[in-house]
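A short write-up of the structure that comes next.
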Amino acid sequence: MFASDVDQQILAAAAALQAAQAAEAKQEGRAQSLLRRGLALLGTPYRWGGTSPEGGFDCSGLVGYVFRTALGIELPRVSRDMARDGQQVERTALVPGDLVFFGRRGKRVDHVGIYIGEGRFLHAPRTGRDVTVSELDTGYWSRKFLQARRVAGLGTES
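Below is the structure:
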């Protein structure tokens, strides 16, 4: 192998590393945009069927609004349909931006939130409660957890 061949391989490897780092930064940037948009809605009132900050949110209305306005990603309107989209991920492999699904009345999906990291998620819980952050790893929501999904287009796909 000639020195110029080695130099070309080094340059190719450096270019590949740079491209991977740029893709990772873009992924982190999209997830951060999503979380900023969602967390800005903390305190917005819950409203059954609600899909806007002005009128309030239900759980899937909040998630859909955040993905649409932060990233231009359209999701199904209701949580059970959202639970069929994207790639299923293990609870131990969650990354910020993943959707977390719950069954409050059994094993059927009836609630959704956005994982924000450190074992917490953003959601619109129920009538009388505002958009909030809750713990995923302990208490009520831990027991009601059913599955998690990674949304195509967020940039966190493997």
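For the sequence shown, the numbering used here gives the first residue as 1478, with consecutive numbering after it. Ideal placement from N, C-alpha and C gives every residue a C-beta, glycine not left out.
Residues bridged to residue i [DSSP beta-bridge criterion]
i	result
phenylalanine 1544	Paired residue(s): none; phenylalanine 1544 is not in a bridge.
glutamate 1612	Arg1597
Proximal residues to residue i (C-beta, below 6 Å), its chain only, five neighbours per side dropped
i	result
phenylalanine 1578	Ala1560, Val1586, Val1589, Leu1623 and Gln1624
serine 1619	none
Cα-Cα separation, residue i to residue j
i	j	result
leucine 1599	arginine 1582	20 Å
proline 1553	glycine 1580	18 Å
glycine 1538	leucine 1511	15 Å
alanine 1547	lysine 1584	30 Å
arginine 1545	glutamate 1551	5 Å
arginine 1603	aspartate 1535	7 Å
glycine 1526	threonine 1569	31 Å
glycine 1506	aspartate 1575	14 Å
Identity of the residue in the options nearest residue i by Cα
i	options	result
glycine 1605	Leu1631, Leu1576 and Arg1524	Arg1524
isoleucine 1591	Gly1526, Gly1506, Ser1529 and Val1628	Val1628
glutamate 1595	Val1572, Ala1517, Leu1519 and Phe1534	Val1572
glycine 1630	Cys1536, Pro1522, Glu1612 and Asp1562	Asp1562
Sequence-distant residues of its chain with Cβ nearer than 7 Å to residue i (five each side left out)
i	result
glutamate 1567	none
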